[in-house]
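Right, one structure below, let's go through it.
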Amino acid sequence: MGHTPRRLSVRVYLLISALVCLCGVGALIAVQAVSSFDRERANAIGQVRAAVQTTADGFTTTDTSSAQGFADNASLSDPAACEDALKGLTGVAGVQMYVLRADGTQVCSAHDPKLPDAPYTASLPMADVLAGRDVNPVQFLDTATGQPAERYIFPVHKDGQVGGALVIAEPTASSSPLTVPRGLPRQVWLVALSADGKLVLSTSDHAPVAVGSTSSRSFLTRAVGARGETRTDSKGRTWLLQQAQLPASSGSWRFVAGIPKSVALAPARAELRRSVVLGALILVVLMGIAGLLHRNLVRPIRRLQRAIEHDEDARPSRVTPREVAAVADAYVDQVDRRKALEADLRFQASHDALTLLPNRRELTERIDAAITSGSGHGGVAVLFVDLDRFKLVNDSHGHAVGDQLLVALGARLVESLPGCVVGRFGGDEYVILCTAVTGEVEAQGLADRVASVLHTPFRIGAVEIYASGSVGIAIAQDGESAEDLIRNADTAMYRSKEQGPGRSAVFDRGMRRWAQARFETERELHRALDDGQFELHYQPLFSVQTGELVRAEALVRWRHPERGLVSPADFIPIAEETRLIVPLGEWVIEEAARQVAQWRSDTGATIPVAVNVAAHQLCSTEVDATIRSALRDAGLDAEALSVEITESAVLTDEQTARRTLERLRGEGIRVAVDDFGTGYSSLSYLQRLPIDEVKIDRSFIAMLRENETTAVIVASIVDLAHAVGLSVVAEGVEQAPQLVDLGRMGCDIAQGFYLGRPVPASDLTIPGGATVSRQG
């Protein structure tokens with residue numbers, strides 16, 4: 057099982073964002089500070105470089121070309137001549153000249169008598185001069201004048217060789233003290249250093265080395281790089297230094313400029329302080345924004361979260377900002393839609409999709425609630441309504457019309473039974489819950505109202521439908537549940553159906569026994585078919601006019617191993633309801649054909665047999681194939697079997713029934729309509745069907761002598777049937793006068809106990825012998 061990843065909260069995201077911004081601001085300040093310090097350092101280095109270079113450029117040497125010419129012609133042997141020659145070179149103020157022999161002794165001189173000779177002639181590089189090597193000018197501080205001076209040494213030739221030297225000492229071209237160029241900080245200083253490291257000149261006492269002192273131990277001893285350097289003096293002060301070196305031909309002085317690092321970088325530090333202050337202000341602003349976001353974003357989200365956690369259906373109060381409000385509104389919208397969806401799902405789960413009435417589950421719960429609430433002590437009644445021949449509506453007008461009929465019926469029931477709960481139990485079944493019912497009389501009154509609703513025609517589009525239904529009524533007793541009450545009402549409904557369409561019945565304890573017996577009968581029917589417990593009895597049909605045996609009708613009987621012979625009325629309806637009538641009907645057809653063949657084998661005569669075909673068989677596409685197969689197996693012609701159907705069987709699925717009958721007629725099998733007169737069809741309607749005869753129901757024959765109207769009706773049926781080409785069979789003839797009247801009316805065939813009861817095949821009288829006169 058995977059672990060749910062840990063998610064960060066909005067508060068953490070805000071903190072991270074603030075830290076990122078803080079780091080960004082800090083990094084920006086740091087980069088800016090480094091850049092500023094580098095810039096100010098480079099600026100300071102540039103300034104002192106310019107200052108020191110300008111100063112160095114100002115210290116230029118005097119033109120000594122004439123002195124060089126004299127040196128080439130100086131006389132080393134005649135001091136007087138030497139003196140005269142020097143006088144011509146003393147035009148420059150402050151210039152001191154000396155002619156020296158190779159051993160360093162002076163030949164002559166031209167100098168200020170007030171100044172000593174030592175500073176100018178001491179430490180001369182005579183060896184280099186005598187060797188013919190060039191000696192560069194040397195800058196030094198003239199102690200006599202306190203001014204910088206330069207010393208030049210030129211070789212003096214004698215007899216083509218260097219015999220001495222001319223030494224010239226003169227003030228530098230810029231004899232003014234060192235000064236710092238304008239525009240530089242006052243802390244900037246300039247110094248000039250001699251080749252031996254002594255400080256020759258200085259702009260101020262800020263210089264870290266005193267004038268005249270040596271720098272051999274100071275931080276100025278080493279030459280400064282071309283890009284400048286940062287050094288610290290003996291007092292711990294840090295300086296930015298830059299230097300300029302006089303050209304070798306001009307002397308050996310080195311000029312160094314310096315500025316305190318603290319002064320050079322002061323603007324950068326000031327900028328850093330401003331940046332830090334600005335960063336602090338930005339940080340304060342960011343913290344303020346974070347606080348506002350926390351108050352206006354995190355807090356509303358947490359309130360929304362707490363509201364949701366406390367109650368998933370909560371509707372959070374108005375929140376800000378707009379985005380969070382949008383989330384809250386979206387959540388509320390989701391809650392509303394979820395509630396609507398849940399309500400819709402609950403409605404769908406508890407109501408029928410077609411009629412929108414409570415379904416079986418909802419009805420059961422409401423009945424249980426009514427019983428539990430205390431109104432169930434003789435006050436709760438359940439009506440179970442089932443439409444009669446509803447399949448006929450679907451088959452005749454289509455399922456769309458059938459669905460509209462169910463919807464219209466549900467609406468009528470709701471309207472006519474205020475205070476009652478009307479629900480669709482399934483198919484064409486409705487269950488009605490009524491409370492505060494005083495007893496069976498009031499319950500029966502409710503059933504009558506249902507019958508009245510059904511009695512009124514339904515107009516669905518252009519179709520007018522007359523409906524009827526069976527109603528079962530159950531009144532709650534102590535200890536009964538909703539399932540018990542519905543089952544009892546269902547049992548009463550089936551009991552009412554046995555009484556005929558459009559009836560109602562109130563459940564009693566006897567019905568439970570009847571239902572149990574019905575269930576037991578259904579269970580035993582399956583076993584009876586497998587164990588061969590069924591047998592056929594045959595009832596003869598005679599010609600009314602000649603008295604001859606026309607055919608026999610095969611009637612199925614159930615010989616129960618314990619109960620003996622079971623009446624067809626006790627099991628045929630159950631077989632039809634459970635569709636066991638289909639395999640049972642196939643067995644009847646096969647057995648009847650076999651018996652006809654057996655009679656023909658025994659007597660040589662073919663006695664046709666009529667078999668009853670139920671609605672489920674007639675609507676099956678296999679019944680004609682079953683008859684053909686039975687005839688073929690028995691070696692019989694089509695005339696050996698005839699088929700009897702009921703009006704209701706035809707009306708169940710008219711189109712399929714018509715096609716089946718046409719196939720049977722096409723093969724020469726006669727078709728008769730049984731129990732004619734009890735349904736709703738007219739002879740003109742039946743004449744359009746592929747049938748051969750009609751059988752008048754026994755209820756008309758029984759009243760033939762009792763009611764003149766009945767006699768007129770029977771006579772009319774006979775005449776009309778003959779008019780449309782149909783033969784007529786009278787069922788239930790039990791008296792001789794009935795037979796006489798039928799003969800007078802022109803009836804073709806008669807059947808009844810007076811002429812012969814249904815008997816096993818072995819007891820049926822076979823021609824020649826059996827005639828009406830002998831049976832009578």
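Position 686 of the sequence shown, counted from 1, bears residue number 742 in this note's numbering, the numbering being contiguous throughout. Cβ coordinates follow ideal geometry from the N, Cα and C atoms, glycine included.
Quiz item: Considering only C-alpha positions, which residue in the set Gln533, Phe514 and Gln555 is nearest to valine 527?
Solution: Translated into the one-based positions of the sequence shown, residue 527 becomes position 471. Of the candidates Gln533, Phe514 and Gln555, the one whose C-alpha sits nearest the C-alpha of valine 527 is Gln555.
Quiz prompt | Best match in Asp459, Pro237 and Leu75 for proximity to isoleucine 338 [C-alpha to C-alpha] | solution = Along the sequence shown, read from residue 1 onward, the residue named residue 338 stands at position 282. The option with the nearest alpha carbon to isoleucine 338 is Leu75.
Exercise. Below 8 angstroms on the Cβ atoms is my guess for valine 652 versus alanine 690; work out the distance and round it to an integer in Å.
Key: Residue 652 sits at position 596 when you count from the first residue of the sequence shown. Residue 690 sits at position 634 when you count from the first residue of the sequence shown. About 7 angstroms separates the CB atoms of valine 652 and alanine 690; that is less than 8 angstroms, so the two are in contact.
Quiz prompt | Residue span of the beta strand (DSSP E) that contains aspartate 442, given as start and end | solution = To locate residue 442, count along the sequence shown from 1; it is residue 386. Note, aspartate 442: beta strand (DSSP E), 437-443.
Quiz item: Taking one C-beta from the stretch 480-487 and one from the stretch 402-414 each time, how about it: are there three or more such pairs within less than 8 angstroms?
Solution: Cβ pair count under 8 angstroms is three or more, so yes.
Exercise. Label threonine 111 either buried or exposed according to how many other C-beta atoms from any shown protein chain fall within 10 Å of its C-beta, with 16 as the threshold for buried.
Key: If you number the sequence shown from 1, residue 111 lands on position 55. Result: buried.
Practice problem: Tell whether a beta-carbon distance below 8 angstroms holds between valine 319 and valine 247. | Solution: Position 263 of the sequence shown, counted from the start, is the residue given in the question as residue 319. Position 191 of the sequence shown, counted from the start, is the residue given in the question as residue 247. By the CB criterion at 8 angstroms, valine 319 and valine 247 fall outside the cutoff.
Quiz item: Is glutamine 460 helix, strand or coil when you go by DSSP?
Solution: One-based indexing of the sequence shown puts residue 460 at position 404. Correct three-state label for glutamine 460: helix.
Quiz item: Just how far apart, CA to CA, sit leucine 342 and leucine 240?
Solution: Sequence index remark: in the sequence shown, residue 342 carries index 286 (1-based). Sequence index remark: in the sequence shown, residue 240 carries index 184 (1-based). When rounded, the distance between both Cα atoms is 41 angstroms.
Exercise. Could you tell me which of Leu697, Glu604, Leu636 and Pro624 sits nearest to arginine 650, measuring between CA atoms?
Key: Reading the sequence shown from its first residue, position 594 is the one you call residue 650. The residue with the shortest Cα to Cα distance from arginine 650 is Leu697.
Quiz item: DSSP three-state call for valine 223: helix, strand or coil?
Solution: The residue labelled residue 223 in the question sits at position 167 within the sequence shown. Strand.
Self-check item: DSSP-derived helix/strand/coil call for glycine 535
Solution: Counting from one through the sequence shown, the residue named residue 535 turns up at place 479. When DSSP states are grouped into helix, strand and coil, glycine 535 belongs to the coil group.
Exercise. Have a look at glycine 475 and phenylalanine 627 and give me their C-alpha separation to the nearest angstrom.
Key: Position 419 of the sequence shown, counting from 1, holds the residue named residue 475. Position 571 of the sequence shown, counting from 1, holds the residue named residue 627. As the crow flies, the alpha-carbon of glycine 475 is around 40 angstroms from that of phenylalanine 627.
Quiz item: By the 10 Å Cβ neighbour count, where 16 or more other Cβ atoms means buried, how is glutamine 152 classified, buried or exposed?
Solution: Within the sequence shown, numbered from 1, the residue matching residue 152 stands at position 96. Per the 10 Å Cβ criterion, buried.
Self-check item: Straight-line Cα distance separating lysine 447 from leucine 717
Solution: Position 661 of the sequence shown holds residue 717. Position 391 of the sequence shown holds residue 447. The alpha-carbon atoms of leucine 717 and lysine 447 are separated by roughly 20 angstroms.
Exercise. Count the CB pairs spanning the stretch 288-298 and the stretch 314-331 that are closer than 8 angstroms, and state whether there are at least three.
Key: Look at the beta carbons and you see the stretch 288-298 touching the stretch 314-331: at least three pairs across the two are nearer than 8 angstroms.
Quiz prompt | Collapsed DSSP secondary structure at glutamine 711 in the structure displayed | solution = On the sequence shown, position 655 is the one that residue 711 refers to. Note: glutamine 711 maps to helix in three-state DSSP.
Practice problem: Let me know the secondary structure DSSP gives aspartate 159 once reduced to three states. | Solution: In the sequence shown, the residue the question calls residue 159 occupies position 103. In this structure, aspartate 159 counts as coil in the three-state DSSP scheme.
Quiz prompt | alanine 229 (DSSP reduced to helix, strand or coil) | solution = Counted from its first residue, the sequence shown places residue 229 at position 173. Reliability fails at alanine 229, whose pLDDT of 49 lies under 50, so the model's placement of it is uncertain and no value is given.
Practice problem: Would you check if the distance between the CB atom of phenylalanine 210 and the CB atom of alanine 221 is smaller than 8 angstroms? | Solution: Sequence index remark: in the sequence shown, residue 210 carries index 154 (1-based). Sequence index remark: in the sequence shown, residue 221 carries index 165 (1-based). In this structure, alanine 221 lies closer than 8 angstroms to phenylalanine 210 by Cβ.
Self-check item: Supposed close pair arginine 67, valine 340 - CB separation, criterion 8 angstroms
Solution: Residue mapping note: residue 67 aligns to position 11 of the sequence shown, counting from 1. Residue mapping note: residue 340 aligns to position 284 of the sequence shown, counting from 1. Under the criterion of beta carbons closer than 8 angstroms, arginine 67 and valine 340 do not qualify as touching, at roughly 19 angstroms.
Quiz item: With contact counted as at least three CB pairs below 8 angstroms, one residue from each stretch, are the stretch 674-687 and the stretch 596-609 in contact?
Solution: Because the criterion of three Cβ pairs below 8 angstroms is not met, the stretch 674-687 and the stretch 596-609 do not touch.
Exercise. For serine 552, count neighbouring C-beta atoms within 10 Å of its own C-beta (all shown protein chains included) and say buried if the count is 16 or more, exposed if not.
Key: To locate residue 552, count along the sequence shown from 1; it is residue 496. So serine 552 counts as buried.
Practice problem: Taking the CB atoms as reference points, tell me whether isoleucine 637 and alanine 532 lie closer together than 8 angstroms. | Solution: As a working note, residue 637 is residue 581 in the sequence shown. As a working note, residue 532 is residue 476 in the sequence shown. Going by C-beta atoms, isoleucine 637 is not nearer than 8 angstroms to alanine 532.
Quiz prompt | Closest Cα partner of valine 191 within the set Gln299, Arg559 and Tyr208 | solution = Along the sequence shown, one-based indexing puts residue 191 at 135. Relative to the Cα of valine 191, the nearest Cα in the group Gln299, Arg559 and Tyr208 belongs to Tyr208.
Exercise. Please go through the same chain and pick out, in chain order, the residues whose beta-carbon is closer than 6 angstroms to the beta-carbon of glutamate 30, but skip the five residues on each side of it.
Key: This structure cannot settle anything about residue 30, because the visible part of the chain is limited to 57 through 832.
Quiz item: Should serine 92 go down as buried or exposed, given a rule of 16 or more other Cβ atoms within 10 Å for buried?
Solution: For the purposes of this step, residue 92 is taken as residue 36 along the sequence shown, with counting starting at 1. Burial call: buried.
Quiz prompt | Pick from Leu71, Arg394 and Gly501 that is closest to alanine 350, judged by C-alpha positions | solution = Numbered from 1 along the sequence shown, position 294 holds the residue referred to as residue 350. At residue 350 the sequence reads histidine, which differs from the alanine that was named. Ranked by Cα distance from histidine 350, the options Leu71, Arg394 and Gly501 are led by Leu71.
Quiz item: For the stretch 458-472 against the stretch 534-541, are there 3 or more C-beta pairs whose distance is under 8 angstroms?
Solution: By the Cβ test, the stretch 458-472 is not in contact with the stretch 534-541, since fewer than three Cβ pairs between them sit closer than 8 angstroms.
Self-check item: Contact under 8 angstroms by Cβ, glycine 724 with glutamate 762
Solution: Locating residue 724 in the sequence shown gives position 668, counting from the first residue. Locating residue 762 in the sequence shown gives position 706, counting from the first residue. No, the Cβ-Cβ distance between glycine 724 and glutamate 762 is not below 8 angstroms.
Quiz item: Based on the DSSP output, what are the partners of threonine 294 in its beta bridges?
Solution: Reading the sequence shown from its first residue, position 238 is the one you call residue 294. DSSP, once it has assigned bridges, lists Thr288 as partnering threonine 294.
Practice problem: Buried or exposed for lysine 833, please, with buried defined as at least 16 other CB atoms from any protein chain shown within 10 angstroms of its CB. | Solution: The shown model of the chain, from 57 to 832, leaves out residue 833, and the question about it has no answer.
Practice problem: Could you check which residue in Ala183, Phe196, Pro204 and Pro193 has the C-alpha nearest to that of valine 218? | Solution: Along the sequence shown, one-based indexing puts residue 218 at 162. When only C-alpha atoms are compared, the closest one is Ala183.
Self-check item: Residues that tryptophan 614 bridges to, as DSSP identifies them
Solution: For this step, residue 614 is matched to residue 558 along the sequence shown. The partner list for tryptophan 614 (beta bridge, DSSP) reads Phe590 and Val622.
Quiz item: Applying the criterion that 16 or more other CB atoms from any shown protein chain within 10 Å of the CB defines a buried residue, is serine 560 buried or exposed?
Solution: Taking the first residue of the sequence shown as 1, we reach residue 560 at position 504. Serine 560 is buried by the Cβ-count criterion.
Exercise. For alanine 346, I'd like the list of residues in its chain whose CB is within less than 8 angstroms of its CB, leaving aside the five on either flank, ordered along the chain.
Key: On the sequence shown, residue 346 is found 290 positions in, with the first residue counted as 1. Apart from the 5 residues on each side of it in sequence, alanine 346 sits with its Cβ closer than 8 angstroms to the Cβ of Leu70, Leu71, Ser73 and Ala74 in its chain, given in chain order.
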